[in-house]
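Our numbering puts the last residue of the sequence shown at 491; the count rises by one with no breaks.
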Amino acid sequence: MKKTINRAKLLNPIVLVIYTIACYYLAQLARYGGISRRVPIIIATFILLFSWFIYAIYKTRKQKDTQQTQKPDEKFMKIIRLWSYIAPLLIGGITLSTGYHIYQSSIPYNGKLSWYLQEFNSEREVAFERNNIYKDGLNGLVEVVSEEVDLPEELYIAEDVSLTFTSDGEITDFYGFLYGEDESGGTDTYLITYDENKSDQLEIHLDNYVDTTYDEDKKFQPLLNGLNTTAVYELFGDQTDKTLILSYGGFETRTDNFELTRYYDENGLVDRIRPRREIHVGYSFVIYFENLGSDFPTYFISYDPELIQEFDEQRALEEAQANDPNYFSEEEIAEETFLNEEVGYQLVILDAMTGSRYYGLRHTTDGGQNWNMLNSDPFLGSTGVADGIHFIDENLGFAILSHNGGANANLFRTADGGQTFERVELPPVIVEQNDSEFEPFDYPELPYEENNQLILYVNQGIDGDYLNNARARYVSDDNGSTFEFIEIE
């Protein structure tokens, strides 16, 4: 009986109210934050609870040998017994509810606690001591980052790397968003920032989203190599009290003033006695004075004869292609089909306007090594978007031209190997729906041969919904000169 009374006193209603207040503010803190407003209340309530429990235990031990002189009222004892069972259940329920709300707040983007956890798991800080660009380049930065996180062997830049440094070489600001492939084939990201006005620590943010192209033109290592071999100090070390900005964007082609462009290789600056170039090619970074902006830049470009030769050859090829009336880029080739390994056909864009194209038909007999323009107007002056071409044999072929964003299309036929075309007229299929008649089937597919007949299906286009996108079936016994409607499928 005494134990029951003591338990009821220990977990009296006031204690329950204080505990509920503490749990409520704890759950609110996890969900919404607000340390300055909520933490003092949480601390105060738990101090009250702790003090009460210490006092209650002390009183219980002091009175354990005291003889009970008067038997409590039986009705009172029933209430005490009931409360001694209900109170622990209420405490447990409040605790479970609070724990559930705290767990919900820890789910990413679901509460303030999730952001704290994300920062704890994905943010690092490390002292940036080797921060002189003249002495260490960026190797000091890479080394201190490597001590904190595992960096891949090859790093790429997701955005341009930029840094600010003083005339004595001290880096005062840095921004670099890097990524690379980890040992398991996944992608690790590293957003590295530094601002000496805020802290002497490098901040490293992990697990950010990045478009992982792994573009060779965006390697980070050439910047490290360039700063190790370029005489930056000789150019800027005497610029007293000047602030300079460096920006690196990877492999680039520039048309800058040759007098401001310096080439370097693994041994340092390259001899300037070389042909002047209108185009500068290579991994490059630019340095300019902060107060003058980028109007007076100096460029440093990685010198690689093979890269320059490759660029020159590619440029010559592009110029030759631009002057070749028979050349079409991949973007200008709309549709392509091959009858066999040697004979093929292409629909190419000759002219374009908003939403529509004019096409020509090209032909090859050597597997695509050489193409010749066979028909400069296969669609008889109509514009639209080509949606397929197919040849049954070297004479008989079909092509589709769609209109109105894919709402309808026309079928064209050639019987002389593509030299001339005609539009295929199909018998209309009139149906009834909602007490009105209309023709739903207006988007033909390419015909195909089956049992000495040509089979043609006609769809409803993107705007059709008749009978759950049903289609009409046609057949032809005269190589597509005419088609007969058979049924709706």
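Backbone N, C-alpha and C fix where the C-beta goes; we use that ideal spot for every residue, glycine too. It should be emphasised that the depicted structure is a prediction, and the values quoted were computed from it without experimental measurement.
Any beta strand (DSSP E) of 3 or more consecutive residues that is wholly inside the region 274 to 333: 282 to 291 and 300 to 304
Taking Cβ to Cβ, would you say GLU441 is nearer than 9 Å to VAL433? yes
Going by DSSP, name the residue or residues bridged to THR255. VAL283
Starting from the C-beta of ASP368, find all residues in its chain whose C-beta is less than 7 Å away, skip the five residues before and the five after it, and write them out in chain order. GLU344
Excluding the 5 residues flanking ARG415 on each side, which residues of the same chain have their C-beta closer than 6 Å to its C-beta? PHE400, GLU424, VAL426 and GLY482
In the DSSP assignment, the beta strand (DSSP E) including GLU268 goes from what residue to what residue? Here GLU268 belongs to no beta strand (DSSP E), and DSSP marks it neither H nor E.
Take every Cβ of the region 244 to 251, pair it with every Cβ of the region 191 to 208, and state whether three or more of those distances are shorter than 8 Å. no
If you check the beta carbons only, do PHE130 and VAL146 fall under 9 Å apart? yes
GLY252 and ASP219 - do their beta-carbons sit closer together than 9 Å? yes
Which word fits GLY419, buried or exposed, when buried means at least 16 other C-beta atoms lie within 10 angstroms of its C-beta? buried
Does the Cβ of VAL41 have 16 or more other Cβ atoms within 10 Å, making it buried, or fewer, making it exposed? exposed
Determine the extent of the beta strand (DSSP E) in which SER478 is found, giving its start and end residues. 474 to 478
In this structure, how does DSSP classify TYR216 when only helix, strand and coil are distinguished? coil
Does DSSP classify TYR102 as helix, strand or coil? helix
Whose CA, out of ILE88, TYR158, HIS392 and ASN227, lies closest to the CA of THR189? TYR158
Chain-order list of residues whose beta-carbon lies under 8 Å from that of ILE275 (same chain, five-residue window excluded): A caution first: ILE275 carries a pLDDT of 42, below 50, which makes its placement in the model too unreliable to give a value.
Three-state secondary structure (DSSP) at ASN141? helix
Expected contact under 8 Å - CB spacing of ASN377 and GLY362 to nearest Å: 7 Å
Answer yes if the region 315 to 334 comes into contact with the region 228 to 242, meaning at least three C-beta pairs across the two stretches below 8 Å, and no otherwise. no
Could you check the C-alpha separation between ARG132 and PRO224 for me, to the nearest Å? 20 Å
Could you give the DSSP three-state label for PHE167: helix, strand or coil? strand
Contact belief for SER478 with LEU458 at Cβ below 8 Å, rounded distance in angstroms: 7 Å
Report the rounded CA-to-CA distance for TYR192 versus VAL128, giving the unit in angstroms. 14 Å
Going by the CB atoms, is the gap between SER86 and LEU13 shorter than 9 Å? yes
For GLU396, which residues in the same chain have their Cβ closer than 7 Å to its Cβ, ignoring the five residues on either side in sequence? LEU341, VAL345 and GLY419
For ASP444: DSSP bridge partner residues: DSSP output for ASP444 lists no bridge partner at all.
Using DSSP bridges, identify the partner residues of ALA401. ILE391 and PHE414
Would you identify the three-state DSSP class for GLU121, choosing helix, strand or coil? helix
Between which two residues does the alpha helix (DSSP H) carrying VAL234 extend? 234 to 238
Among THR484, TYR476, PHE485 and ASP480, which residue has its Cα nearest to the Cα of GLU491? TYR476
Would you mind stating whether TYR250 and VAL163 have Cβ atoms separated by less than 9 Å? yes
Could you give the first and the last residue of the continuous alpha helix (DSSP H) run that contains THR231? 223 to 231
SER286 versus VAL151 - alpha carbon distance: 27 Å
Cβ shell of THR47 (< 7 Å), same chain only, five flanking positions each side left out: ILE20, ILE23 and ALA24
May I ask you to report which of helix, strand or coil DSSP gives LEU180? strand
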